[in-house]
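Worksheet: one structure, shown below.
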Amino acid sequence: MKPNIGAGDKGRTSLIGKNIDKTNLRISCIGNADELNAFLGLVRSRLSDDKRMTDINNALEKIQQDIFLIGSNLANIEYHKSIKKITMNHVKFLEDKLQLFEKELETLAKFILPGGTKTASLLHISRAVCRRLERNLHLLLKKGKIDESILSYVNRLSDLLFELARVVNKRSHVKEVEWVGRQ
């Protein structure tokens, strides 16, 4: 695909079946999904040479594919039936991974500070971007139609990203820093 150079200079963009303003909330959601996918690509580039993290890298590759699917679902304003949808099977994939990775971790008794290794820190940033996407999707749901399975997927994904950051730190032998609260 070639870029359509200059087509968006006037603040409009084309989605599947419609031309809309770039400030539209739907465009913000698509941008949030794109940003999340870019961060996950950066995480994967850091994981690719570490044999201890192969399972995480593989899960994130599948998730990146799903995020592209979310973007195409969001761009499908007219709801053309030919576009594949995010389903509860996609959500179940995340739930299964969440249960699998949680087995490696101790239950938290306190809040932890985002951080640790660079890769874990990037996963925490990805989680924060995912939460922003989720908030914007809920706003979009109030203003228009979106598949609610997307909301379930993004909610589970933010939980999984949090746990993956913890797993990366644990496998890297980096201790989590607890929030000390008000002193």
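In this text, residue positions in the sequence shown follow my numbering: the first is 11, and each later residue adds one.
Heads up, the beta-carbon is just placed ideally off N, CA and C, and yes, glycines get one too.
Exposed unless 16 or more other CB atoms sit within 10 angstroms - verdict on residue i
i, result
"M63", "buried"
"R145", "exposed"
"G126", "buried"
"K107", "buried"
"V101", "buried"
"S176", "The amino acid at residue 176 is misidentified as Ser; the sequence shows Arg. With 16 or more Cβ atoms within 10 Å of its Cβ, R176 is classed as buried."
"D59", "exposed"
"E186", "buried"
"D76", "buried"
"N68", "exposed"
"R192", "exposed"
"N47", "buried"
"L150", "buried"
In DSSP terms, what residue i is bridged to
i, result
"N67", "In DSSP, N67 forms no bridge with anything."
"E105", "In the DSSP output, where bridge partners are listed per residue, E105 has none listed."
"E188", "I122"
Neighbourhood of residue i by C-beta distance below 8 Å, restricted to the same chain and skipping five residues each side
i, result
"K128", "R56"
"F49", "L132, I135, S136, V139"
Where residue i falls: helix, strand or coil (DSSP)
i, result
"K153", "helix"
"D76", "helix"
"T129", "helix"
"L147", "helix"
"L115", "coil"
"K61", "helix"
"I93", "coil"
Span of the alpha helix (DSSP H) around residue i
i, result
"A48", "35 to 57"
"S159", "158 to 181"
Closer than 6 Å: residue i CB and nearest the ligand NAD heavy atom
i, result
"H100", "By its list of ligands, the structure shown contains no ligand whatsoever, and the ligand NAD lies outside what it can speak to."
Close beta carbons around residue i, own chain, < 7 Å, minus the five adjacent residues each side
i, result
"V164", "C140, L143, E144, L147"
"I160", "I80, N83, I96, L147"
"I73", "L50, L167"
"I40", "G81, L84, A85"
Neighbourhood of residue i by C-beta distance below 6 Å, restricted to the same chain and skipping five residues each side
i, result
"P243", "Examination of residue 243 is not possible in this model, given that the chain is present from 11 through 193 alone."
"F172", "R137"
"V184", "G126, T127"
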